Amino acid sequence: MMFCRCWQTHRMTGLTAELVVDGCAPQAPALAPNGRLLCYVLAPLSRTGDHLDSELWLVDTDAAVESRRATADTATESQPRWSADSGTLFFLSDRAGRGTPQLHGLTLAGGTVTTLSSWRGGVLDHLPLSDPNLVALLAEDEPTEQDARRARDRDDAIVVGEREPRVRLRLLDLGTGRVTTPSVFGDRHVVELRQRPDGGPIAVLTWASADNDHGPRAGQLHLFDPTTGTAENLGPVEVDARSLAWWPGADGWHLGYIALTPPVLQAGTAVLDLAMDSRVLRNRTAGLSMCPTELRQTDAAPLVVLADGLNTSLARLDPTDLTILSHHPGRIDNLTTTPTGDRITVLTGTRYQTPNVHIGAPTGPLRRITNTRPELGGIPLGTQQPLAYCAVDGLDLDGLLVLPVGKTASEGPFPLVTIVHGGPYDRYADRCQLFWFPSAQWLAAAGYAVLLPNPRGGQGHGHQFAASVAGRVGQQEWTDILTGIDLLVAEGIADPDRLGIAGWSHGGFMSAWAVGQTDRFRAALVGAGIIDWGMLAATGENGQFEAALGGSTGWSGIGPHPHDAVSPISFASNIRTPVLILHGAEDTNVPLGQAVYLHRALRHFDVEHEFVIYPREGHSIRERNHQLDVLRRTRAWFDRWLRT
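Taking my numbering, the leading residue of the sequence shown gets 1, the next gets one more, and so forth.
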């Protein structure tokens, strides 16, 4: 079993901020077609310089030989993919020029690594094809001399809609090293590829542009024949399509994908099944009380990962039904499979162990084959237990309770911090809750009980559960959260006089919303939170999706608008709770202006607050010192207000 070399020894017996951020995590496991070898990316949880130095590791799936690094470079290595004969591992690495990934190939027989591309703009993704001489690449156009001149002369005015970056399909001939760009998709932006398992055409998913506000709503499917260089447009796909997969049926080939359940933008996901001969599209998960998260191609029926409440199910998409194969505690991610579908690998963990690579049959059980966080062994964590309760309207809800380290429920009441998840189409699964952002085990180590609720609007309970908050954020989902808090108060676990609330992204919205609705909380943390839905629809990178949540846009006519009634800024005059605001300076998902808006309102109303901006950071905080600051500042803030 492999141990992470980026583990730094911390001579402490309890949980520290350094232990949280200094570890490594496995990513993107890739199982060889013959099932004998596995490659995965090992990446640090935080970054100290300009680049995240990741590594590729090879694992013998039967543990016949010791695990080993695939290369010895200091580089960002990613996206391992195997050739059809399992003899070559293709991957991206920027070892030749930092920040510009190129395709590389590791030949197992000789152990040699060869640089296979020199595309000046870098390669973003790749797919080895059934023809052993061809690899499909996804890359933007190379910069031209005119581009260089414009940059050099600073004659670089940006005209929206002109010369915008587009990712295009390219074919690399491994024999000659030549890269060609088929001119078949016009000016569309290519986002995903999947070749038919018999070596037939490639399914190509494109957007109208790379703009996240527009692209996912304007997707189309195409078929591309790499032999003839011709393409066929299959027409529009449902919103936010991804995870392409082919499979054979009695009526010919089928092509499926995961997308939002039509026709709304705030929705649960569905598996859409397109019969290629009849061109009939079916929703194969309609009415399901679970949510598909991954669709994985095999030579026969594809496999489907399903968010199932606090846990995860794995199913097979049979011709007429969805056959559940196994159930797994917590969540599983990054499913890969052999072509036969008889062996899979996933990333999964337990309540008290962070995710690792596991392998086994799709029917289970799964065996752990990596241990990337040995430094956490022996560190005491708070007891985590599932919660099941009913909303005020009788809807079944779930969540998690994490108790202070070393304490039992009978020793309460404790100061309670409620941490609301993001999305809102996300969920708390019954897995280890230890992260750089406000997380349950980090606060439990400081003596707090932590509630992790799954209110309506989230993932894991089907489409209607997710869609119910569209245009009504902060309404029933807020009472769902309050119901969970009241339950813990009634059971003597939570001290009603020492309540805090926190969250990041949509969780940050709920935290800001909460303190505008009630003065029950003695402290709040708003991380990258939405303060004004109209402003977010206008400036956030996912504008129309945010408009679906907020219910309107600023151009919906003369206000007041529906989004005003669900925006925390509208209730800022009610806030008396001390608020800690944390935000990345370069956040394009929820732009910094949202936090500035809340800060100015709280300053206007003379509300105690602290406003922290992290330079160079986006929606997630990546730099090590910034992550350490988030952790320490979070604890210090709640200690200040809930310990007195």
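Backbone N, C-alpha and C define an ideal beta-carbon position, used for all residues, glycine too. Since we're looking at a predicted model, the values are computed, not measured.
Assigned with DSSP and collapsed to three states, residue 216 falls in helix. In the DSSP secondary-structure assignment, residue 62 is not bridged to any residue.
Around the beta carbon of residue 207, 16 or more other beta carbons lie within 10 angstroms, which makes this residue buried. Nearest to residue 584 by C-alpha distance, out of 609, 538, 528, 458, is 528.
Around the beta carbon of residue 327, fewer than 16 other beta carbons lie within 10 angstroms, which makes this residue exposed.
Per DSSP, residue 327 lies in no alpha helix (DSSP H) segment; the continuous beta strand (DSSP E) that holds it begins and ends at 322 to 328. By the Cβ test, the region 403 to 423 is not in contact with the region 342 to 362, since fewer than three Cβ pairs between them sit closer than 8 Å. Taking a cut-off of 8 Å for Cβ pairs, the region 542 to 558 and the region 516 to 534 touch, as three or more such pairs fall below it. Taken in chain order, the unbroken stretches of alpha helix (DSSP H) that lie wholly in the region 474 to 539 and span 4 residues or more are 476 to 490, 506 to 517, 533 to 539.
In the three-state reduction of the DSSP assignment, residue 567 falls in the coil class. In terms of CA proximity to residue 85, 129 leads the group 118, 449, 129. Here residue 142 is exposed: its Cβ has fewer than 16 other Cβ atoms, across all protein chains shown, within 10 Å.
A straight-line Cα-Cα distance of about 19 Å links residue 342 and residue 312.
By a beta-carbon distance limit of 8 Å, residue 441 does not contact residue 19. Their separation comes to about 11 Å. Put simply, of 288, 641, 510, 135 the residue whose alpha carbon is nearest the alpha carbon of residue 480 is 510. Within the model, the alpha-carbon separation for residue 259 versus residue 195 is close to 19 Å.
Every beta strand (DSSP E) of 3 residues or more that sits fully in the region 355 to 408 is shown, in chain order, as 356 to 360, 366 to 368, 384 to 390, 396 to 402.
In this structure, the beta-carbon distance from residue 52 to residue 71 does not fall below 8 Å. In the assembly as shown, residue 247 is a buried residue. Its beta-carbon has 16 or more other beta-carbons within 10 Å. In this structure, the CA atom of residue 279 is about 10 Å from the CA atom of residue 235. Here residue 469 really is in contact with residue 266; their C-beta atoms are around 7 Å apart, less than 8 Å. Secondary structure at residue 437: coil, using DSSP grouped into helix, strand and coil. Note that the C-beta distance between residue 56 and residue 41 is below 8 Å. For residue 357 against residue 370, the beta-carbon gap comes to about 4 Å, under 8 Å, which counts as contact. A distance below 8 Å separates the beta carbons of residue 191 and residue 205.
Of the other Cβ atoms in all chains shown, 16 or more fall within 10 Å of the Cβ of residue 334; this residue is therefore buried. Residue 330 and residue 350 do touch by the CB rule: their CB atoms are close to 7 Å apart, below 8 Å. Here residue 427 is buried, its C-beta having at least 16 other C-beta atoms within 10 Å. Around residue 34, the same chain offers 86 as residues with beta carbons nearer than 7 Å, after the five sequence neighbours per side are excluded. At the C-beta level, residue 488 and residue 434 stay beyond 8 Å of one another. The alpha-carbon of residue 459 is positioned some 21 Å away from that of residue 541.
For residue 105, the enclosing beta strand (DSSP E) begins and ends at 102 to 107. Spanning the alpha carbons of residue 183 and residue 136 requires a straight line of approximately 14 Å. Take the alpha-carbon of residue 218 and the one of residue 237: they are about 8 Å apart. Per DSSP, the unbroken beta strand (DSSP E) holding residue 195 starts and ends at 189 to 195.
Listed as beta-bridge partners of residue 344 by DSSP are 337, 360.
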